[in-house]
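Add 4 to a position in the sequence shown, counting from 1, and you land on the number used in my numbering.
Glycine included, each C-beta is placed from N, C-alpha and C at the ideal position.
As C-alpha cells, the structure follows; a few thoughts come after it.
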Amino acid sequence: MYPHILALHSLFRWLVLASMLYAIYRAYKGWLGNKPFSKHDNTVRHITATIAHIQLIIGLCLYFISPLISYFLHEYKDAVHQRQVRFFGMEHSLMMFVGIIIITIGSAIAKRKPTDQQKFKAMAIWYTIGLLIILLNIPWPFSPLVSRPYFRAL
Ligand code: HEM
Numbered sequence: 005m006y007p008h009i010l011a012l013h014s015l016f017r018w019l020v021l022a023s024m025l026y027a028i029y030r031a032y033k034g035w036l037g038n039k040p041f042s043k044h045d046n047t048v049r050h051i052t053a054t055i056a057h058i059q060l061i062i063g064l065c066l067y068f069i070s071p072l073i074s075y076f077l078h079e080y081k082d083a084v085h086q087r088q089v090r091f092f093g094m095e096h097s098l099m100m101f102v103g104i105i106i107i108t109i110g111s112a113i114a115k116r117k118p119t120d121q122q123k124f125k126a127m128a129i130w131y132t133i134g135l136l137i138i139l140l141n142i143p144w145p146f147s148p149l150v151s152r153p154y155f156r157a158l
C-alpha cells in the first residue's frame with residue numbers, strides 16, 4: 005500500500021504542476037490582454053484547485069502510513085535533528101498545505117470578483133504565489149539537502 009501511495013503522490017505532482025502552469029498562463033494572458041473571462045477559464049480555475057486538493061488528500065494519506073513519518077512522530081527528539089526526516093515530517097507537509105490553501109483562497113476570490121479583469125488578476129497573483137511555494141518545497145533530484153527521483157518506480 006505505502007509504495008503505491010508514494011508513487012502516486014510523486015506522479016501526481018506533474019499533474020499539479022502542469023495544471024498550475026496552464027492556469028497561470030491563461031490568467032496572465034487574460035489579465036494583460038484584456039480578454040473576457042470565459043467558461044473555459046472558469047473551468048481551468050476550478051479544476052486546477054481540485055487537482056491541488058486531491059494531491060493534498062494523497063499527501064495526508066501518506067502522512068499517516070509512511071514509516072518515515074511514523075519514526076518522526078514517535079522518535080521526535082532524535083528525528084527532528086535528521087534533515088530528511090524533518091523535511092517530510094514538518095517543512096514539506098506544512099508548506100505544501102500553505103501553498104494549497106493559497107490556491108484555494110485565490111480560486112474563491114477570483115470566483116467572487118465582479119469584473120473579468122479582477123478575476124484574471126486574482127487568479128494570476130494567488131496561483132503564482134501558490135506555485136512558487138510548491139516548487140520550492142518539492143524534493144527535486146537536484147535539491148541539495150533532500151532529494152527524490154522525478155518518477156518513483158513501484
Ligand atoms: C502540491 C502539493 C505536493 C506536492 C507537489 C508533493 C510532492 C511530493 C514529492 C515529489 C514527494 C517525494 C516522493 C518520492 O519519494 O518519490 C513527496 C513526498 C511526501 N509528501 Fe508530498 N507533495 C505535496 C503535498 C503534500 C502534503 C500536503 C503532504 C502532507 C500533508 C505531503 C506529504 C508527503 C510525505 C509524508 C512524503 C514522503 C513520505 C515518505 O518518504 O515516506 N505532501 N511529496
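- Within the model, the alpha-carbon separation for LYS39 versus LYS123 is close to 11 Å.
- C-alpha of THR47 to C-alpha of ARG30: approximately 11 Å in a straight line.
- The beta carbon of ILE62 is closer than 8 Å to those of ILE9, LEU12, HIS13, PHE16 in its chain, skipping five residues each way along the sequence.
- Under the three-state reduction of DSSP output, GLY63 falls in the helix class.
- If you check the C-beta of VAL20 against ligand 1, you find a heavy atom less than 6 Å away.
- DSSP, read as helix, strand or coil, puts ASN141 in coil.
- Taking non-hydrogen atoms of ligand 1 into account, the C-beta of MET100 is found less than 6 Å away from one of them.
- SER111 is a Cβ neighbour of ARG49, given a cutoff of 7 Å.
- In this structure, the CA atom of ILE69 is about 13 Å from the CA atom of PHE92.
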